Structure formats: structure tokens, C-alpha cells
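To convert a position in the sequence shown, counted from 1, into our numbering, add 385. Ideal Cβ placement from N, Cα and C applies to all residues, glycine included. None of the values given here were measured: they were computed from a predicted structure.
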Amino acid sequence: MSIQQNLRDLLASLPPHVTLVAVSKTKPDEMILEAYEAGQRDFGENYVQELTDKQARLPGDIRWHFIGHLQSNKVKYIAPFVHLVHSVDSLKLLQEINRQALRNRRVIDCLLQVHIATEETKFGFDTGECEALVTSGTLKSLENIRIAGLMGMASNTADGSQIDQEFGLLHDFFVQLKVYLPSLHILSMGMSSDYQLAIKNGSTMLRLGSSIFGARIYDSSH
Ligand SMILES: *Cc1c(COP(=O)(O)O)cnc(C)c1O
386 MSIQQNLRDL
396 LASLPPHVTL
406 VAVSKTKPDE
416 MILEAYEAGQ
426 RDFGENYVQE
436 LTDKQARLPG
446 DIRWHFIGHL
456 QSNKVKYIAP
466 FVHLVHSVDS
476 LKLLQEINRQ
486 ALRNRRVIDC
496 LLQVHIATEE
506 TKFGFDTGEC
516 EALVTSGTLK
526 SLENIRIAGL
536 MGMASNTADG
546 SQIDQEFGLL
556 HDFFVQLKVY
566 LPSLHILSMG
576 MSSDYQLAIK
586 NGSTMLRLGS
596 SIFGARIYDS
606 SH
């Protein structure tokens, strides 16, 4: 299967309100350009150095999504151009994104990453922390970030009912938080192995890598 055919098949199967982010981590420029030539403009990367290198070489109208764990001291490298940071998991990180966005005279859209999986290793706020942040008023002073939504990753399990339940919880939480924060409109959930369940549970943004580009040889995301 070619990248372009994979994309066409995927896009034909997705509801119109769902945005597809093509996760291109570890993939070479040629593969990204193949997807670009098929009309894909949203790409996701996990590593700051890889993202800044690719951004410098590839077309300027690509919308680059940062989806990996982001260290505060690296925000400055992506702040000039990043389209959406999916993986905000601390107030400290949010404050640094705000500071760097201000330096670049822009507003950076961010998603709060919520921990929904049973695994210990996944980053993210738990729902209580997330609600406390949103209702605290702290966000009002951060004028150069906009909380556009939530992101979550389900457990890495073959148990579909567990994944279904985790996505369902995140969607319920998203609806609940919207009462405090009407700017929330993006629910980023769903990877290659579980995106159908994510859509069923109200995802508005999928992050798909291997189902577009094929399997990765190196993957330290888990
Ligand atoms: C790698 C990665 C994806 C894409 O994973 P696939 O299984 O290849 O679709 C999505 N989200 C995050 C956070 C990732 O690190």
C-alpha cells in the first residue's frame, strides 16, 4: 500500500469533523512529502530536534503538531512555528510556552494531556489536577496560550472494552470542562490501533502514524 492510498482510504472513512494528524516521527522527508502531495497538511512529531530540522527543510504551509513529552527548556526551539502542542502536562510547561509565545508575539494553542491509561509511565494530568487548573483562574494570566482542548492516550492493551471505557471517560471529562472553558473544541485521542474506538467516543483529532506510513523501526514513545 502506498502512503497516498493509505491516506485516501483513511480520509474516506473518517467523519468530516475529525482532523487527521499524520504522525511522521522517525520518517524521512520523502515520505512526508508524499503525504503532503496528497493534500495532507497536519503532521505530528515527538522530538524537538527532529521537528525543528524537518520544519526548516519542508514546505512552510505544513501545520506542525508537537505530540511528545516536551521539556520546558526546549520550548523555545518550537515556539516560533508550532501549530498545536498536544502534550502539556504541567503548569510549569504551560507558563514556559506562554513566555516563549510572547517573545514570538504569538498565541500558541495547547491541549492539556490527561492521564487516562492504567499504565504508570504515561505523562499527563489526572482529571482532578486538570479541573483544578482550569477552574483556578491561573489561565487568565497566561495571555499567549489558548487551551484548545484535551489529549489522551488509552492503555496499550488488546482489551477493546478497556480502551472504549478510557476514551469514554476522557470524552465525559471534556464535556464537563467545557462548562468552565468554552474555548475547548479539540479532543485529541486515537492512534492507529484504537482510532475507531476514539471516533466512537467523540474524538475530533486523530494522531495516526503507522497506519499511514507503515511500521516504525525505532519507537521510544512508550
Ligand atoms: C507515535 C505516536 C502516535 C502514533 O502512533 P501510531 O500507533 O503509529 O499511529 C500517536 N500519538 C502519540 C503521542 C505518539 O507518540
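Between M574 and F552 the beta-carbon gap is near 6 Å, inside 8 Å, which marks them as a contact. Non-local beta-carbon contacts of A486 in its own chain, meaning distances under 8 Å to residues more than five positions away in sequence, involve A464, V492, I493, N529 and I530 in chain order. Sequence-distant Cβ neighbours of R448 in its own chain, meaning closer than 6 Å and more than five residues away, are R426, D427 and H468.
If you compare the alpha carbons of K585, H570, R592 and I584 with that of S577, the shortest gap goes to R592. Only buried fits A533, as 16 or more other CB atoms lie within 10 angstroms of its CB.
In this structure, Y565 sits away from V499, with a CB-CB distance that is not shorter than 7 Å. When S472, Q389 and Q550 are compared, the shortest CA-CA separation from T503 is found for Q550.
Under DSSP, the beta-bridge partners assigned to D494 are L469 and R531. When C-beta atoms of the stretch 415-424 are compared with those of the stretch 387-396, three or more pairs fall below 8 Å, so the two segments count as touching. Contact between D414 and L396 does not hold, since the beta-carbon distance rounds to 22 Å and is not under 8 Å. Each of D446, I584 and L455 was checked against the Cα of E435, and the nearest Cα belongs to L455. V403 and I584 do touch by the CB rule: their CB atoms are close to 6 Å apart, below 8 Å. Following the DSSP letters along the chain, one finds R488 inside the alpha helix (DSSP H) bounded by residues L476 to R488.
Per DSSP, reduced to three states, the secondary structure at S573 is strand. In this structure, S409 is the residue among S409, N458, S457 and G424 with its C-alpha nearest to the C-alpha of D438.
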